[in-house]
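> Take a look at the following structure, please.
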Amino acid sequence: DAKTTQPPSMDCAEGRAANLPCNHSTISGNEYVYWYRQIHSQGPQYIIHGLKNNETNEMASLIITEDRKSSTLILPHATLRDTAVYYCIVGWGKLQFGAGTQVVVTP
Amino acid sequence: GAVVSQHPSWVICKSGTSVKIECRSLDFQATTMFWYRQFPKQSLMLMATSNEGSKATYEQGVEKDKFLINHASLTLSTLTVTSAHPEDSSFYICSAMGVRADTQYFGPGTRLTVL
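Going line by line, the protein sequences match chains A and B.
Residue numbers 16 to 122, in the working numbering, belong to the letters of the first sequence in order.
Residue numbers 1477 to 1591, in the working numbering, belong to the letters of the second sequence in order.
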């Protein structure tokens, strides 16, 4: 069974920030939180990951709650090319993909 | 950095034949590689984990004699679909994890169609 819960879909306006929530209430102490995205008919693209602290890179920011039971991926300025399925995964080593969130960025 | 390639990107074969898919880590050494399968409108399903120089570990329900995995070097893993049938038609994706072992990088996928 998937260890994460994500909304099935989200719409976002181009140029605005997209905040993607993820619940992972059964996360273990040594499990990372990973975010990947998959554009249609392509392999998943790594976005960001974290263990306890918030993380930021050139693509996105990852906010992890203090109890680590949930996290939020933030795309600061969504573009049309950010339309994809976004997967939140917890684990280490083997990763089990859930259904993800279909994000549609509209003009 | 962290580029993973797959070859071929798509393949069409006749039922009963075998197909080999290659997965290469281009700019890092992959101590562990993973193989996934994705059917239309579904999520990725992990098939097996392979470590360089040792036998692959298959997920429950995946036939190891049908999906042969070889991880002969730190930059190459191969998946051979033996005696392919139409129900094996799918999108096969590999990923590779380097020595830091905290992030998987995925290949672009291989579309297999069995006629």
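Where is the CB? At the ideal position from N, CA and C, for every residue including glycine.
Label ALA1572 (chain B) either buried or exposed according to how many other C-beta atoms from any shown protein chain fall within 10 Å of its C-beta, with 16 as the threshold for buried.
buried
> How about HIS92 (chain A): is its C-beta nearer than 9 Å to some C-beta of chain B?
no
> Assuming the contact rule is C-beta atoms closer than 8 Å, PRO59 (chain A) and THR116 (chain A) should be a hit. Round their C-beta distance to whole Å, please.
Not quite, the Cβ-Cβ distance comes to about 13 Å (not below 8 Å), so this is no contact.
> For the region 1559 to 1576 of chain B against the region 1492 to 1508 of chain B, do three or more pairs of beta-carbon atoms, one drawn from each stretch, fall closer than 8 Å, so that the two count as touching?
Flag = yes, the region 1559 to 1576 of chain B and the region 1492 to 1508 of chain B touch.
> Going by the beta-carbon positions, is the gap between ILE1497 (chain B) and SER1526 (chain B) smaller than 9 Å?
no
> Is the number of C-beta pairs between the region 17 to 36 of chain A and the region 89 to 102 of chain A that are closer than 8 Å three or more?
yes
> When DSSP labels each residue in this structure, what does ASP1503 (chain B) get in the three-state scheme?
coil
> Please state the DSSP three-state secondary structure of GLU1539 (chain B).
Residue state, collapsed to three classes: coil.
> Measuring straight from C-alpha to C-alpha, what distance separates MET1523 (chain B) and LEU110 (chain A)?
So the alpha carbons of these two residues sit roughly 11 Å apart.
> So is SER56 (chain A) in contact with chain B if we call contact Cβ pairs under 9 Å?
yes
> List the residues of chain B whose Cβ lies closer than 8 Å to the Cβ of PRO23 (chain A), in chain order.
What PRO23 (chain A) touches in chain B: nothing, since even the nearest Cβ is about 12 Å away.
> With three or more C-beta pairs closer than 8 Å as the rule, is the region 1478 to 1490 of chain B touching the region 42 to 52 of chain A?
no
> For TRP107 (chain A) versus TYR47 (chain A), is the C-beta distance shorter than 9 Å?
A contact, by the Cβ cut-off of 9 Å.
> Do you know whose CA, among B:VAL1590, B:MET1509 and B:PRO1484, lies nearest LEU1461 (chain B)'s CA?
Any question about residue 1461 (chain B) goes unanswered here, given that chain B covers just 1477 to 1591.
> What do you get for ARG1576 (chain B), buried or exposed, if any count of 16 or more other CB atoms within 10 angstroms of its CB means buried?
exposed
> DSSP on ARG96 (chain A), reduced to helix/strand/coil?
When DSSP states are grouped into helix, strand and coil, ARG96 (chain A) belongs to the helix group.
> Is it buried or exposed for HIS1561 (chain B), if we count other Cβ within 10 angstroms and need 16 for buried?
Exposed: under 16 other Cβ atoms inside 10 Å.
> Helix, strand or coil, according to DSSP, for GLU46 (chain A) in the structure here?
coil
> When we look at the beta-carbon of SER1566 (chain B) and count the other beta-carbons within 10 Å, is it buried (16 or more) or exposed?
buried
> Of the choices B:ALA1532, B:ALA1506, B:SER1549 and B:MET1521, whose alpha-carbon is the least far from that of ASP1541 (chain B)?
The alpha carbon of ASP1541 (chain B) has as its nearest neighbour, out of B:ALA1532, B:ALA1506, B:SER1549 and B:MET1521, the alpha carbon of B:ALA1532.
> Determine which residues share a DSSP beta bridge with VAL1487 (chain B) and list them.
Checking the DSSP bridge columns, you'll see VAL1487 (chain B) partnered with B:LEU1588.
> Taking Cβ-Cβ distances below 7 Å as the criterion, which residues of the region 29 to 59 of chain A are in contact with chain B?
TYR47, GLN57, GLY58 and PRO59
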